[in-house]
Amino acid sequence: MTGIYAAVSTYAILSVMIGVYIYLKLTSLAKLTSEFEPIKRIEEE
Amino acid sequence: MDVIKKIGVNLTLLGLLGAYFTAILGFFWAPSVDPDQWNAPEAYRIVYWHVPFAWTSFLAFCLLFIGSASWYVSRSETGWRLINVGSELGLLFGAGVIISGPIWGSVEWGVPWDWGDVRLNTYALLTALAIFLVMALRSQPDGEGTRDTLAAIGLFGFVLVPITAIATTLWRDRHPGLVIVDSEDSGIDPEIRLILMLGTISFMAIFIGLTIVIDSIHRIKSEIEQQNISKDRVGLT
Numbered sequence: 007m008t009g010i011y012a013a014v015s016t017y018a019i020l021s022v023m024i025g026v027y028i029y030l031k032l033t034s035l036a037k038l039t040s041e042f043e044p045i046k047r048i049e050e051e
Numbered sequence: 002m003d004v005i006k007k008i009g010v011n012l013t014l015l016g017l018l019g020a021y022f023t024a025i026l027g028f029f030w031a032p033s034v035d036p037d038q039w040n041a042p043e044a045y046r047i048v049y050w051h052v053p054f055a056w057t058s059f060l061a062f063c064l065l066f067i068g069s070a071s072w073y074v075s076r077s078e079t080g081w082r083l084i085n086v087g088s089e090l091g092l093l094f095g096a097g098v099i100i101s102g103p104i105w106g107s108v109e110w111g112v113p114w115d116w117g118d119v120r121l122n123t124y125a126l127l128t129a130l131a132i133f134l135v136m137a138l139r140s141q142p143d144g145e146g147t148r149d150t151l152a153a154i155g156l157f158g159f160v161l162v163p164i165t166a167i168a169t170t171l172w173r174d175r176h177p178g179l180v181i182v183d184s185e186d187s188g189i190d191p192e193i194r195l196i197l198m199l200g201t202i203s204f205m206a207i208f209i210g211l212t213i214v215i216d217s218i219h220r221i222k223s224e225i226e227q228q229n230i231s232k233d234r235v236g237l238t
């Protein structure tokens, strides 16, 4: 494996890893917020 | 709360953009290193993510330590949430280091791992500990006993942080020396330093943003759980 190939493949793997992780966390937060906030608001009222 | 959540989301996305920009600069703007001193000079470009990943993982393990200590001292819910956040982010950033390091090692050293190098082995142990904590947090029933055990493991793990951080100075074997801190060994080009700093700031933004996001997720889940418990109690009476 040449040096540049190693660098490109590393960035590709890490980009997917961190990108997917952030996507999953943000969608999970959005889903929980949209489900929970209206219930909380009704209970507070 | 909503404002904090928005800050967390925006910081995470901004940090991610910065990290991708760092990678682009690392490939197209960063100068090449002396080909006589390295076996695979082009592979050094991995460093622009490898080092920020490593520094950020240490921050995550610090968070884990603060959470563990806080749980022991005051049995605080915040401490428990910090254990959750610290172990999850420790695993994420630790995995980044463990993936990128051996790829670089395989082209530069000819072997992906050196079992005689203290830093490599203590860091692997630290990441293994984060894997254990994340798996335990997902599989074990929540309770004081579980929290005590996992907090104790978190405290033990933190002992490895300073050992890993100074290992290249004390027992340097194959792993290159510190690059962010000025030293005789580093002597790095100003452009390389600038890109590294941008990478570190970007990853710091991702770290702070994700800390807020993950903490918010745990907060909401815990509130839902509390509501379900109160509804069950009302149903029983």
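In order, the protein sequence lines correspond to chains A and B. Everything in the first sequence is counted per this note's numbering, starting at 7 for the first residue and increasing by one. Everything in the second sequence is counted per this note's numbering, starting at 2 for the first residue and increasing by one. Ideal Cβ positions, reconstructed from N, Cα and C, are used throughout, including at glycine.
Legend entry - CB contact check: residue 28 of chain A to chain B, cutoff 9 Å: Residue 28 of chain A sits at position 22 when you count from the first residue of the first sequence. Chain B contact via Cβ: present.
Legend entry - Reference residue 166 of chain B, options B:92, B:91, B:217 and B:121, closest by Cα: Working through the second sequence from its first residue, we reach residue 166 of chain B at position 165. The candidate whose alpha carbon is nearest that of residue 166 of chain B is B:121.
Inset, instruction - Decide if the stretch 42-50 of chain B is in contact with the stretch 194-214 of chain B; the criterion is three or more beta carbon pairs, one per stretch, under 8 Å apart. - result: yes
Legend entry - Where the alpha helix (DSSP H) containing residue 55 of chain B begins and where it ends: Here the question's residue 55 of chain B lines up with position 54 in the second sequence. It spans 48-75 - the alpha helix (DSSP H) in which residue 55 of chain B sits, taken as one unbroken run.
Legend entry - Cβ contact check for the stretch 219-238 of chain B and the stretch 22-34 of chain B: 3 or more pairs under 8 Å: no
Legend entry - For residue 131 of chain B and residue 181 of chain B, the rounded distance between their alpha carbons: Here residue 181 of chain B is taken as the residue at index 180 of the second sequence, counted from 1. Here residue 131 of chain B is taken as the residue at index 130 of the second sequence, counted from 1. A caution first: residue 181 of chain B carries a pLDDT of 48, below 50, which makes its placement in the model too unreliable to give a value.
Legend entry - Range of the contiguous alpha helix (DSSP H) that encloses residue 109 of chain B: The residue labelled residue 109 of chain B in the question sits at position 108 within the second sequence. Here the alpha helix (DSSP H) through residue 109 of chain B covers 78-109.
Legend entry - the stretch 64-73 of chain B contacting the stretch 153-160 of chain B, beta-carbon criterion three pairs below 8 Å: yes
Inset, instruction - Please classify residue 228 of chain B: does DSSP put it in a helix, a strand, or coil? - result: As a first step, residue 228 of chain B is located in the second sequence; it is residue number 227 there, counting from the start. Reduced to three states, the DSSP call for residue 228 of chain B is helix.
Inset, instruction - Return no unless some Cβ of chain A is closer than 9 Å to the Cβ of residue 46 of chain B. - result: As a working mapping, residue 46 of chain B is identified with position 45 in the second sequence. Closer than 9 Å to some Cβ of chain A, the Cβ of residue 46 of chain B qualifies, so yes.
Legend entry - Proximity below 9 Å, CB of residue 28 of chain A to CB of residue 17 of chain B: Here residue 28 of chain A corresponds to residue number 22 of the first sequence, with the count starting at 1. Here residue 17 of chain B corresponds to residue number 16 of the second sequence, with the count starting at 1. Yes, Cβ-Cβ distance for residue 28 of chain A and residue 17 of chain B is below 9 Å.
Legend entry - Pairwise C-alpha distance: residue 215 of chain B and residue 88 of chain B: Looking up residue 88 of chain B in the second sequence gives position 87. Looking up residue 215 of chain B in the second sequence gives position 214. Answer to the nearest angstrom: the Cα atoms are 11 Å apart.
Legend entry - Which listed residue (B:119, B:109 and B:60) has its alpha carbon closest to that of residue 164 of chain B: Residue numbering aside, residue 164 of chain B sits at position 163 when the second sequence is read from its first letter. Comparing Cα positions, the closest option is B:119.
Inset, instruction - Output the distance between the C-alpha atoms of residue 75 of chain B and residue 212 of chain B, rounded to the nearest integer angstrom. - result: The residue labelled residue 75 of chain B in the question sits at position 74 within the second sequence. The residue labelled residue 212 of chain B in the question sits at position 211 within the second sequence. Each residue's Cα considered, the two are about 21 Å apart.
Legend entry - Residues, ordered as in the chain, of the stretch 204-229 of chain B that lie near chain A by beta-carbon distance below 8 Å: 207, 211, 214, 215, 217, 218, 221, 222, 224, 225 and 228
Legend entry - 9 Å Cβ cutoff, residue 14 of chain B in contact with chain A: Counting from 1 along the second sequence, the entry for residue 14 of chain B is found at position 13. Answer yes: the Cβ-Cβ gap between residue 14 of chain B and chain A drops below 9 Å somewhere.
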